[in-house]
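S.K.: Numbering (my numbering), first residue to last: 46 to 368.
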C-alpha cells in the first residue's frame with residue numbers, strides 16, 4: 046500500500062477515477078431506404094445509434110463518429126459482465142494524447158496498483174506506480190453502465206469534438222483489469238454534428254454526493270427512458286467519482302455482497318462473476334452532465350446502485366419493484 050499512497054500524494058484524487066479506463070467507442074448502424082417506385086436507392090438515413098460490440102476482451106466500433114448527442118448501444122456478446130467508460134484525452138505540451146498513450150502510461154500503472162493491493166508483484170515493473178503529468182487533464186464523460194452476459198445497454202450522452210478512449214476496468218478473478226487484457230480503444234469525435242436529439246424520459250434521476258440517488262417517477266414493465274443528471278461530482282474513498290447502474294435482484298440476492306462488489310479497490314471488488322445481472326446505466330460524468338438510459342424491464346425486483354464503497358450508507362443504493 047505504500048506505493049499507492051505515494052502515488053495518491055502526487056496526483057489530483059478527484060481525477061483518479063478515470064485512470065483505468067481508456068475508452069472504447071462505437072460502431073454505426075446505417076439504415077438505408079429503397080425507393081419502391083424506381084431502381085435508384087435513396088441516400089442512407091443518418092445513423093441513430095453507435096453500436097459497440099464485445100465478443101471477448103475487445104471492443105468493435107467505428108474509428109470516427111459525429112459530435113453532439115450520441116446514443117451508444119453496447120452489445121456484450123460474452124459470458125461475463127462488462128461496461129465502457131468514455132474519456133476525453135488532453136493535449137499536453139503540444140502533444141495530443143491518444144489511446145496509445147493510455148496503453149503505455151496509464152493502464153500499466155493502474156494494474157500495478159491493483160497488484161499491490163492484492164499483495165502481488167507488479168505486472169509492469171518498468172511502469173512503476175506514478176501516473177504521467179498529463180493524466181489529471183483526462184476528462185471522463187460517461188458511457189453505458191454495467192451490462193451482464195449477452196445483454197445490451199443503451200445510453201445517450203453529448204460529446205464535443207476531440208480524441209477519446211473507451212475502456213472496461215472490470216477485473217478478472219485474479220485482479221487483472223479487462224483494459225489490461227485489451228478492452229481499451231481509441232475514438233475520434235469530429236466537428237460534424239449528429240442529427241439526433243436526446244430522448245424524452247419518463248423517469249428523472251438526480252445524482253449528488255449529498256443526497257445520493259434521487260428518483261422522480263416510476264419505472265414500469267416495458268421500455269423506459271431515464272434521464273440521469275449529475276448535480277455534482279466528487280471523488281469517493283476509492284478515488285473514483287460516482288455513477289449509477291441498474292441491477293435485477295433475485296430472492297437470494299445478498300445486498301451486502303452486492304454493495305461490497307461495487308468497490309474496485311478491494312481484492313474481490315468489481316471482479317467477474319458479478320453477484321447480480323446488470324442491465325446498464327450511466328458512467329461517471331462531470332457536474333452538470335446529463336445522460337439518458339434506455340431499459341426494458343420485466344416485472345420484478347430491481348436496484349439502482351453506484352460504483353462506490355458502502356453505497357447504501359451514501360444513499361446510492363435504491364431498490365424498487367416493477368409490477
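All residues carry an ideal CB built from backbone N, CA and C; glycine is no exception.
1. Let me check one thing: in DSSP terms, what residues is residue 271 bridge-paired to?
2. Roughly how many angstroms separate the alpha carbons of residue 314 and residue 235, rounded to a whole number?
3. Is the beta carbon of residue 325 sitting closer than 7 Å to the one on residue 303?
4. Do residue 344 and residue 367 have their beta-carbon atoms positioned less than 7 Å apart in this structure?
5. Rounded to whole angstroms, what is the Cα-Cα separation between residue 130 and residue 347?
6. The ligand HEM heavy atoms versus the CB of residue 354: any closer than 6 Å?
7. Kindly indicate which residue of 176, 157, 174 has the alpha-carbon position closest to the one of residue 167.
8. Taking Cβ positions, are residue 238 and residue 113 nearer each other than 7 Å?
9. Short check: CB of residue 230 to CB of residue 202, under 7 Å?
10. Residues in its own chain within less than 6 Å of residue 319 by CB, not counting five upstream and five downstream?
11. Could you give the distance in angstroms between the alpha-carbon of residue 333 and the alpha-carbon of residue 199?
12. Should residue 205 be labelled buried (16 or more other beta-carbon atoms within 10 Å of its own) or exposed?
13. What's the C-alpha gap between residue 285 and residue 354?
14. So is residue 109 buried or exposed if we call it buried at 16+ other beta carbons inside 10 Å?
15. Count the other CB atoms within 10 Å of the CB of residue 149; is the residue buried (16 or more) or exposed (fewer)?
16. Please confirm if the stretch 272-280 is in contact with the stretch 246-261, defined as three or more CB-CB distances below 8 Å between the two stretches.
17. Here's the rule I'm using: 16 or more other beta-carbon atoms within 10 Å means buried, otherwise exposed. How should residue 281 be labelled?
18. Between which two residues does the alpha helix (DSSP H) containing residue 215 stretch?
19. Going by the CB atoms, is the gap between residue 152 and residue 224 shorter than 7 Å?
20. Output the distance between the C-alpha atoms of residue 74 and residue 159, rounded to the nearest integer angstrom.
21. How far does the alpha helix (DSSP H) with residue 157 in it extend, from its first residue to its last?
22. Just confirm the distance between the C-beta atoms of residue 249 and residue 208, as a whole number of angstroms; I'd bet it's less than 8 Å.
23. Would you give the residue range spanned by the alpha helix (DSSP H) that residue 306 belongs to?
24. To which residues of the same chain is residue 172 closer than 7 Å at the C-beta, ignoring the five residues directly before and after it?
25. Straight-line CA distance for residue 349 to residue 163?
M.R.: Judging by the given coordinates:
1. Answer is 248, 338, bridged to residue 271.
2. Put simply, the backbone Cα of residue 314 is about 36 Å away from that of residue 235.
3. No, they are not a contact pair.
4. Contact flag set, yes.
5. So the alpha carbons of these two residues sit roughly 23 Å apart.
6. The ligand HEM is not among the ligands present in this structure, which contains no ligands whatsoever.
7. Residue 167 has its Cα closest to that of 157, out of 176, 157, 174.
8. Judged by beta-carbon spacing, residue 113 lies within the 7 Å limit of residue 238, meaning their Cβ atoms are closer than that value.
9. Result no, Cβ atoms of residue 230 and residue 202 do not sit closer than 7 Å.
10. Counting only Cβ-Cβ distances below 6 Å, and skipping sequence neighbours, we find 126.
11. Roughly 20 Å between the two C-alpha positions.
12. Flag for residue 205 reads exposed.
13. Separation of residue 285 and residue 354 (C-alpha to C-alpha, rounded to the nearest whole angstrom) is 10 Å.
14. Exposed, because fewer than 16 other Cβ atoms sit within 10 Å of the Cβ of residue 109.
15. Residue 149 should be labelled exposed.
16. Contact check between the stretch 272-280 and the stretch 246-261: three or more CB pairs, one atom from each, fall below 8 Å, which counts as touching.
17. Buried.
18. Counted as a single uninterrupted DSSP element, the stretch harbouring residue 215 is not any alpha helix (DSSP H), since DSSP gives it neither H nor E.
19. Their beta carbons are under 7 Å apart, which means residue 224 touches residue 152 by this criterion.
20. With a pLDDT of 33 at residue 74, under the threshold of 50, the modelled position of this residue cannot be trusted; read the value that follows with caution. A straight-line Cα-Cα distance of about 37 Å links residue 74 and residue 159.
21. Looking at the DSSP string, the run of the alpha helix (DSSP H) that includes residue 157 is 152-162.
22. Contact flag wrong, Cβ pair sits at about 32 Å.
23. Under the DSSP assignment, residue 306 falls in the alpha helix (DSSP H) whose first and last residues are 300-306.
24. The residues are 153, 154, 157.
25. Rounded to the nearest angstrom, the two C-alpha atoms are 29 Å apart.
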